Every structure is written in C-alpha cells, then in structure tokens.
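Per our numbering, the very first residue in the sequence shown carries number 637; after that it's consecutive.
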Amino acid sequence: MANEHTAHSHLDTEEVRAQRMHMYIYILPNLMTTGNLFSGFFAVIQSIKGNYLWAAYAIVVAAVFDQLDGRLARLTRSTSKFGAEYDSLCDLVSFGMAPGVLLFLWALQPFGRLGWVACFLFVACGALRLARFNVQANVVEKNYFQGLPIPMAAGIVASSVLAFQDLELEPMGNYGLLVMTILLALVMVSNFRFRSFKDLDLKERLPFRYLILGVGVLVVVALRPEVMLFVLFMGYAALGAVFGVFKLGKNIRKIKPSVYAPASVHESDLVEELEEEEETKKDEKKT
637 MANEHTAHSH LDTEEVRAQR MHMYIYILPN LMTTGNLFSG FFAVIQSIKG
687 NYLWAAYAIV VAAVFDQLDG RLARLTRSTS KFGAEYDSLC DLVSFGMAPG
737 VLLFLWALQP FGRLGWVACF LFVACGALRL ARFNVQANVV EKNYFQGLPI
787 PMAAGIVASS VLAFQDLELE PMGNYGLLVM TILLALVMVS NFRFRSFKDL
837 DLKERLPFRY LILGVGVLVV VALRPEVMLF VLFMGYAALG AVFGVFKLGK
887 NIRKIKPSVY APASVHESDL VEELEEEEET KKDEKKT
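Here you go:
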C-alpha cells in the first residue's frame with residue numbers, strides 16, 4: 637500500500653509539473669507579431685537577391701504589423717509579458733537586421749569595412765535601444781520616447797530607398813547615406829526625447845485647425861509620396877535631435893536612480909511613477 641501511495645504521489649507531482657510547464661498565449665496579437673517577423677525576414681531575402689524596392693516595402697509592411705499587434709493587444713486586453721518579449725525579438729529582425737543588410741547591399745558596399753561596420757553599428761544600437769526600452773518601460777515618460785524609436789529609424793532607411801529610386805539618384809558609395817546610417821544609430825541610443833503622440837486622443841473633440849493640418853499633410857505627401865515620406869521621417873528625427881542637443885522643451889520631474897536607470901543616465905528623461913501605481917496609491921490613501 638505504501639508503494640502504491642508513493643507511486644500515486646509521484647504521478648501527481650509529474651502532472652502538476654506538466655501543468656506548470658504548459659503555457660497559454662494570446663493568438664491574435666502574436667500572429668500580428670509573427671507577420672512583422674515574416675516581413676523582416678522577407679526584406680533580408682529580397683536585399684540579398686538585389687530587389688531593394690521589395691525589401692523597402694517589406695520593412696514598411698513590418699511596421700504596419702508592429703502597430704497592429706500593440707493595438708489589438710490593448711483593444712482585446714490581451715497584453716502579456718510573452719507578447720512584449722516576442723515583439724522586441726521580432727523588431728530586432730525587422731527594424732534592425734533587415735535595414736542593416738539593406739543599407740550595406742544597396743549603398744555601403746563600396747566603403748568596405750567601414751560600410752559593414754556602420755551597418756553593424758545600426759543593428760547593435762537598435763538592439764540596445766530595444767533592451768533599454770524594455771527595462772525602463774515602467775519609468776520612462778509615456779508621451780515621449782527616450783531615443784529615436786527603432787521602427788522610425790528603419791522607416792527612414794526604407795523611405796530613403798524609395799526616395800533615391802524616385803529621384804533617380806545613385807546610392808552606391810553615397811557618403812550622405814553613410815553619415816545617415818551612423819547618425820541614426822547614435823540617435824537611437826541617445827537620451828533625446830521624441831514625441832510619441834500617445835497623449836493625442838483622436839476620439840475627443842479637437843480644434844478645427846487640427847483637421848486642416850491633417851488634410852495639409854495628406855496633400856503634401858500625396859504630391860510625391862516616396863520623397864515626402866522620407867522628408868517627414870527625417871524631419872521628425874532631426875527635430876528630436878535638435879531639441880535634445882539644445883535642451884529645448886519642457887522640464888519634467890526626476891526620479892530616484894535604480895538598477896535600470898543609474899545615476900550616469902540623464903535622469904531628466906525619466907518620470908516618477910507609472911500612472912497605474914499613482915492611482916493605486918491614491919486609492920490606498922482614500923481607504
């Protein structure tokens with residue numbers, strides 16, 4: 637009887653362990669993230685084959701999937717730690733590796749070692765940007781990004797391919813593209829603040845001038861989409877860098893240094909608490 641009881645307990649332990657090892661995930665948002673990864677991998681393949689326009693469009697499609705997965709996760713309340721980590725890994729492929737390979741094969745090969753090192757710098761800084769974003773997700777300001785977001789950097793690369801094609805410019809061995817690659821890498825890991833526009837709620841009533849501004853932007857882009865998208869993306873990156881260099885913009889509160897935000901980091905780029913934690917504290921004070 638004792639042996640039977642021991643065997644039964646052992647089976648129960650194995651079942652509990654199997655249940656713990658079993659993992660449940662949200663399918664829909666992670667399928668969108670997989671679409672992001674597929675598009676990035678497709679961009680790499682097309683770059684190797686010399687189809688640079690296809691590669692650029694694939695990076696744009698990856699950016700669309702990247703927006704969809706986050707939106708769907710929030711709308712369906714299916715956000716998870718797994719989804720966040722999976723999204724970062726896919727972003728590194730689609731917005732780090734794919735643009736890096738595209739830049740080297742499309743434009744920077746004539747520079748030799750300097751060319752591929754510049755592309756590696758772009759990929760490495762993109763990885764560092766994603767890692768920093770993950771560990772500071774609970775302390776950075778919601779309405780601003782710390783450093784240029786990696787999807788925007790990849791969008792600048794993709795739109796530059798479209799712009800050069802439309803303007804019939806020669807990209808191979810172009811010094812401007814080499815400098816752009818290095819600057820994009822450095823701006824991604826900088827402490828410059830870039831507006832995220834997460835505080836802009838389009839469901840609320842806004843002044844009429846906002847609609848006029850939106851129509852104006854659409855008209856300008858429609859005149860020559862390939863070129864104007866590149867100009868808009870570069871303008872966003874340049875304005876953030878200028879504001880960061882000259883320390884323009886509003887001042888925000890500081891927080892105490894932590895493991896992920898040490899004293900050597902510019903603490904003016906961080907905020908005090910998550911909104912959820914502040915609401916929790918208020919509720920505790922009321923009770």
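Glycine included, every Cβ here is placed at the ideal spot set by N, Cα and C. All values reported here derive from a predicted model rather than from experimental measurement.
Sixteen is the threshold: when 16 or more other Cβ atoms of the shown chains lie within 10 Å of the Cβ of Leu865, as they do, the residue is buried. Going by DSSP, Arg707 is part of the alpha helix (DSSP H) stretching over 688-711. In chain order, Leu820, Met824 place their CB closer than 6 Å to the CB of Ala789, counting only its own chain and leaving out the 5 sequence neighbours on each side. Linking Ala874 to Arg710 through their CA atoms gives a straight-line distance of about 30 Å. Ala734 and Val857 have their C-alpha atoms spaced approximately 25 Å apart. The stretch 721-739 and the stretch 756-770 touch, with three or more beta-carbon pairs separated by less than 8 Å. The C-beta distance from Asp802 to Arg860 rounds to 7 Å, short enough to fall under 8 Å.
Distances from the alpha-carbon of Phe758 to those of Glu806, Pro665, Trp690, Ile792 put Ile792 closest.
Around the beta carbon of Tyr846, fewer than 16 other beta carbons sit within 10 angstroms, so the residue counts as exposed. The beta carbon of Ala760 is closer than 8 Å to those of Ala821 in its chain, skipping five residues each way along the sequence.
Contact annotation, Gly676 with Ala692: C-beta distance approximately 12 Å; criterion of less than 8 Å not satisfied.
With distances taken between CA atoms, Gly809 lies nearest to Ala743 out of Ala799, Phe844, Ala743. The beta-bridge partner set that DSSP reports for Gln782 consists of Arg829. Around Phe800, the same chain offers Pro807 as residues with beta carbons nearer than 7 Å, after the five sequence neighbours per side are excluded. Per DSSP, Met733 is not a residue of any alpha helix (DSSP H), being assigned neither H nor E. In terms of CA proximity to Val680, Ile695 leads the group Ile695, Phe747, Leu725. Exclusion of the five residues before and after Glu721 leaves no residue of its chain whose Cβ lies closer than 7 Å to its Cβ. Contact check for Arg829 against Gln782 passes: the beta carbons are separated by less than 8 Å. About 21 Å separates the CB atoms of Phe769 and Cys755; that is not less than 8 Å, and the two are not in contact.
If you check the CB distance, Ser796 and Leu813 come in under 8 Å. Going by DSSP, Gln745 is part of no alpha helix (DSSP H) at all; its letter is neither H nor E. Secondary structure of Phe882 (DSSP, three-state): coil. The beta carbon of Val863 sits closer than 6 Å to those of Ala799, Asp802, all from its chain and outside the five residues before and after it, given in chain order. Pro746 is classed as exposed because its beta carbon has fewer than 16 other beta carbons within 10 Å across all chains shown.
The Cβ neighbour count for Phe882, taken over all protein chains shown within 10 Å, is under 16; the residue is labelled exposed. Shown here for Leu708: same chain residues with a beta carbon closer than 7 Å to its own, the five before and five after excluded, namely Leu664, Pro665, Met668 in chain order.
The Cβ-Cβ distance between Gly736 and Phe701 does not fall below 8 Å. Listed in chain order, the non-local C-beta contacts of Leu704 below 7 Å within the same chain comprise Met668, local neighbours out to five positions each way being set aside. One Cα belongs to Tyr688, the other to Gln682, and the distance between them is close to 7 Å.
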